[in-house]
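Enquirer: Per my numbering, residue 1000 is the first one in the sequence shown, and the count goes up by one each step.
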Amino acid sequence: MAHNVSIRQLQAFREVMRSGSVSEAARILGRTQPAVSALIANLEAELQLSLFRRQKGRMEPTPEAMFFAGEAEAILDRLAVSTRTMAEIGNLTKGRLNIACMPAAANMLMPQLVGEFLLDKPDVHASLMMRASSTVTKWITSQQYDIGLAETPPPNPALRMRDFKLECLCAIPCDDPIAAQDQIDARMLDGKPMAALQEGHPTLAATRRAFDAQKASFVHRFELRTFQPALLLVEKGLCYCVCDPITAAEYENQMPGPRPIVFRPFKPCVSLDISILQPAHRPASKLAEAFAALLESELDALAQPG
């Protein structure tokens, strides 16, 4: 059984089969005639078969060569396809991107970035799954997904993490008297109805601490899973909300022009700590790294107050 058949031998064999001439095959391949003759001789030695008979200056293929020609063509065609595919992957024009995302960024931010990134990449396929941050972290830790966006988990050797601290904003009905203020503090919301996330969520705990720091009463009227529905309640004048800047940016992007809600910086600072997560135990594709860089740039912009 042949173990050392080379691609160059197969290419030389194919061109001699096509042209019936070693000299013509050498011209096509850009090699010398003796080099092509040596490749054919070495291939015959590896296969332990005679592939050509030299008759009247031409190379006449044996029956064995006729059979092997199909095998050689299939191997070389597959190699050509694989080479093109890998070049496309290297150029970020082909491949697959698997993304897991926390709810706060799954409705607008992440789909917008994926759409922007893939606009000129029609052969790249994407999976975008929304899950709780704890599930996103598990998926990335188990190496199932390329990129995750989640609330910052504890350090883990199975994760590559890029951390961001996003300062939350206060959502206020536009016709409310405190909307005229450049900055809102907890004392201005003392005893007023608030919409916030569920008990046990870090953002809720941080908001409570901010109120406690200013000896203001926090009234948790509406308990919600995400901040998006909270803004609808703020629109109706039913409450106020200290929400993350991702949700605030999505709201403003969806409602150009006059809006029923305004957002103001909130003090004491309440932050949403989030991280871009990637598997630590397998190398990231160029595609994943390029998208992670785009996501990082967007989060850097959101992390800048104002």
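Glycine is no exception: its CB is placed at the ideal position from the N, C-alpha and C atoms.
It should be emphasised that the depicted structure is a prediction, and the values quoted were computed from it without experimental measurement.
With I1098 and Y1144 assumed to form a contact (beta carbons below 8 Å), what rounded beta-carbon distance in angstroms separates them?
Expert: 7 Å
Enquirer: Is the CB-CB distance between M1065 and V1021 below 8 Å?
Expert: Taking the C-beta atoms as reference points, V1021 is found no nearer than 8 Å to M1065.
Enquirer: Let me check one thing: in DSSP terms, what residues is R1052 bridge-paired to?
Expert: E1059
Enquirer: Quick one: residues in its chain with C-beta nearer than 6 Å to the C-beta of I1088, no 5 flanking neighbours on either side, listed in chain order?
Expert: Legend: pLDDT at I1088 = 48, less than 50; position of this residue unreliable, value from coordinates given subsequently. These residues qualify, in order along the chain: G1094.
Enquirer: Who are the Cβ neighbours of T1225 in its own chain at under 8 Å, not counting the five residues just before and after it?
Expert: P1102, A1103, L1196, T1246
Enquirer: In whole angstroms, give me the CA-to-CA distance for V1035 and R1077.
Expert: 22 Å
Enquirer: Roughly how many whole angstroms lie between the Cα atoms of F1210 and P1259?
Expert: 25 Å
Enquirer: Using beta-carbon positions only, say whether L1127 and P1110 come within less than 8 Å of one another.
Expert: Yes, the pair counts as a contact, with Cβ atoms nearer than the cut-off.
Enquirer: May I have the straight-line CA-CA distance separating C1238 from M1193, to the nearest angstrom?
Expert: 5 Å
Enquirer: Within the continuous beta strand (DSSP E) that includes V1241, where are the two ends?
Expert: 1239 to 1242
Enquirer: Out of curiosity, what's the CA-to-CA distance linking V1080 and L1009?
Expert: 16 Å
Enquirer: What would DSSP say about R1095, mapped onto helix, strand or coil?
Expert: In the structure shown, R1095 sits in a strand (DSSP, three-state: E or B).
Enquirer: Do I1275 and R1186 have their CB atoms nearer than 8 Å?
Expert: Taking 8 Å as the Cβ cut-off, I1275 and R1186 do not qualify as a contacting pair.
Enquirer: Going along the chain, which residues of its own chain have a beta-carbon closer than 7 Å to the beta-carbon of T950, five neighbours each way excluded?
Expert: The structure shown does not extend to residue 950, since the chain is modelled only from 1000 to 1305, so the question has no answer here.
Enquirer: Look up L1118 in the DSSP assignment and say whether it is helix, strand or coil.
Expert: coil
Enquirer: I need the straight-line Cα distance from Q1054 to A1068, nearest angstrom please.
Expert: 19 Å
Enquirer: Given this structure, state the Cα-to-Cα distance separating E1045 from P1060, to the nearest angstrom.
Expert: For E1045 and P1060, the distance between alpha carbons rounds to 17 Å.
Enquirer: Report, in whole angstroms, the separation of the C-beta atoms of L1075 and E1063, which I expect to be a contact under 8 Å.
Expert: The distance from the Cβ of L1075 to that of E1063 is about 18 Å, inconsistent with a contact at the 8 Å cut-off.
Enquirer: Roughly how many angstroms separate the alpha carbons of A1204 and Q1180, rounded to a whole number?
Expert: 25 Å
Enquirer: Can you tell me the Cβ-Cβ gap for Q1277 and R1130, rounded? I've got them flagged as a contact below 8 Å.
Expert: At roughly 16 Å, the Cβ-Cβ gap does not stay under 8 Å, so Q1277 and R1130 are not in contact.
Enquirer: Candidates L1286, K1191, G1056, P1156: which alpha carbon is nearest L1117's?
Expert: L1286
Enquirer: If the criterion is Cβ atoms closer than 8 Å, does the pair P1244 and E1166 meet it?
Expert: yes
Enquirer: Check V1004 in the structure and name its three-state DSSP category.
Expert: coil
Enquirer: Jot down the residue ranges of each uninterrupted beta strand (DSSP E) in the segment 1201 to 1276, minimum 3 residues, whole runs only, in chain order.
Expert: Correct list: 1218 to 1223, 1239 to 1242, 1260 to 1266.
Enquirer: Return yes when the Cβ of A1125 is within less than 8 Å of the Cβ of A1279, no when it is not.
Expert: Cβ distance not < 8 Å, so A1279 and A1125 don't count as in contact.
Enquirer: How about N1003 and M1107: do their beta carbons lie closer than 8 Å?
Expert: no
Enquirer: If you draw a straight line from the C-alpha of K1214 to the C-alpha of L1231, how long is it?
Expert: If you draw a straight line from the Cα of K1214 to the Cα of L1231, it comes to about 28 Å.
Enquirer: Check each candidate in P1172, A1302, A1105, D1189 and name the one with the smallest Cα separation from L1148.
Expert: For the options P1172, A1302, A1105, D1189, the alpha carbon positioned closest to that of L1148 is the one of A1105.
Enquirer: Do L1168 and F1265 count as a contact pair if the criterion is CB distance below 8 Å?
Expert: Yes. Within cutoff.
Enquirer: Let me make sure I understand the geometry here. Which of T1202, V1269, A1011 has the alpha-carbon closest to that of L1028?
Expert: A1011
Enquirer: Leaving out the 5 sequence neighbours to the left and right, which residues in its chain are closer than 7 Å to D1299 when beta-carbon positions are compared?
Expert: none
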